[in-house]
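**Q** I'd like to ask you about the structure that follows.
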Amino acid sequence: MKYMVVLLSFVLFGCLDSPMKASSDIETPQSDEEVVDSPSCTNPYEDFVLPERGTPEPCSPDNSGVEDITLVSDASGSSFTFKVYTPPGYDCSDQEYPVSLFLHGVNGDPSVINRVLPSLIESMEKGIVGPFIIVAPDGYLNTMWADNAAGDKTAESDAINQILPYIDANYRTLEDRKFRAVQGYSMGGFGAMEWATKFPELFFAGINYDGALHDWDT
648 MKYMVVLLSF
658 VLFGCLDSPM
668 KASSDIETPQ
678 SDEEVVDSPS
688 CTNPYEDFVL
698 PERGTPEPCS
708 PDNSGVEDIT
718 LVSDASGSSF
728 TFKVYTPPGY
738 DCSDQEYPVS
748 LFLHGVNGDP
758 SVINRVLPSL
768 IESMEKGIVG
778 PFIIVAPDGY
788 LNTMWADNAA
798 GDKTAESDAI
808 NQILPYIDAN
818 YRTLEDRKFR
828 AVQGYSMGGF
838 GAMEWATKFP
848 ELFFAGINYD
858 GALHDWDT
């Protein structure tokens, strides 16, 4: 409809070089004068093509997505893959977002993020939580989200030293620690509390879902 309005406006007003005159002010050529047909303007829209009905918009505020990212570990030399979820509307604005790491359990992997997304998206739609980016690293099997002794499964080093800087460099994030949290289930809950206390300069909060805890005295 807006294209029709633009074109109609041009047809009605685009060729007027001056304000409209009353009919009494219009000069009528004398019979012995030659009338020359010279258009007073050109149509800038003559090559304009209306988009076909149903042409999709370049982005949709309802779209969200999960992307797989693979890097080579500086600590182990092996490649590792993690998942990044961006909320609805990410591609349609310049907004910056908080970030939360989600750490899987002992027998899990980064694909566990697919299980939590439906309830998360529903919470966003209802306004219970605001939109944020979720990152799901790989903690391998039974590492408790620490670097193992053999040095071939470096879950902590990969996440802290490579994944977080990568996310801040390649996604629109709020980089201050007060906009970054770490959460996890079972083994991931243990890792979340471990990282939140070990790296307070990076995380504002640690969230433990049914995970183990150290037997702290305080």
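Numbering (my numbering), first residue to last: 648 to 865. Note that beta-carbon positions come from the ideal geometry of N, C-alpha and C, so glycine has one too.
(1) DSSP beta-bridge partners for K874?
(2) Who pairs with I854 in a beta bridge, going by DSSP?
(3) Between the segment 761-768 and the segment 804-822, do three or more beta carbon pairs fall short of 8 Å?
(4) Within 10 angstroms of its Cβ, does S725 collect 16 or more other Cβ (buried), or is it exposed?
(5) Could you give the distance in angstroms between the alpha-carbon of V746 and the alpha-carbon of A797?
(6) Buried or exposed for R827, going by 16 or more other Cβ atoms inside 10 Å?
(7) Near L748, what residues of its chain come up, given a Cβ to Cβ distance below 6 Å and the 5 sequence neighbours on each side ignored?
(8) Report all residues from its chain with a CB closer than 7 Å to the CB of D815; omit the five preceding and five following residues, and keep chain order.
(9) Quick one: measure Cβ to Cβ for A843 and F837, integer angstroms, because I've assumed they're closer than 8 Å.
(10) Give the secondary structure of D794 by DSSP, where H, G and I count as helix, E and B as strand, and everything else as coil.
(11) Output needed for V776: all residues of its chain with C-beta closer than 7 Å, excluding positions within five of it in sequence on either side, in chain order.
(12) Please classify D785 as buried or exposed, where buried requires at least 16 neighbouring CB atoms within 10 angstroms.
(13) From what residue to what residue does the beta strand (DSSP E) around S747 run?
(14) Is the beta carbon of D852 less than 8 Å from the beta carbon of L750?
(15) Let me confirm a value: N789 is counted as buried when at least 16 other C-beta atoms fall within 10 Å, else exposed. Which label applies?
**A** Let me spell this out:
(1) Residue 874 lies beyond the stretch modelled for the chain, which goes from 648 to 865, so this question has no answer here.
(2) The sequence position of residue 854 within the sequence shown is 207, counting from 1. According to DSSP, which records beta bridges pairwise, I854 is partnered with Q830.
(3) no
(4) The sequence position of residue 725 within the sequence shown is 78, counting from 1. With fewer than 16 Cβ atoms within 10 Å of its Cβ, S725 is classed as exposed.
(5) On the sequence shown, residue 746 is found 99 positions in, with the first residue counted as 1. On the sequence shown, residue 797 is found 150 positions in, with the first residue counted as 1. If you take the alpha carbons of V746 and A797, they lie about 30 Å apart.
(6) One-based indexing of the sequence shown puts residue 827 at position 180. R827 is buried by the Cβ-count criterion.
(7) Residue 748 sits at position 101 when you count from the first residue of the sequence shown. Around L748: V782, V829.
(8) Taking the first residue of the sequence shown as position 1, residue 815 is located at position 168. Cβ neighbours of D815 beyond the five flanking positions: E822.
(9) Translated into positions along the sequence shown, residue 843 becomes position 196. Translated into positions along the sequence shown, residue 837 becomes position 190. Not quite, the Cβ-Cβ distance comes to about 11 Å (not below 8 Å), so this is no contact.
(10) Position 147 of the sequence shown holds residue 794. It is a strand residue.
(11) Taking the sequence shown and counting its residues from 1, the one referred to as residue 776 is at position 129. These residues qualify, in order along the chain: S770.
(12) Stepping through the sequence shown from its first residue, residue 785 is reached at position 138. D785 comes out buried.
(13) Here residue 747 refers to the residue found at position 100 of the sequence shown. Here the beta strand (DSSP E) through S747 covers 746-750.
(14) As a working note, residue 852 is residue 205 in the sequence shown. As a working note, residue 750 is residue 103 in the sequence shown. The question names Asp, but residue 852 in the sequence shown is Ala. Contact: no.
(15) Stepping through the sequence shown from its first residue, residue 789 is reached at position 142. Exposed is the call here.
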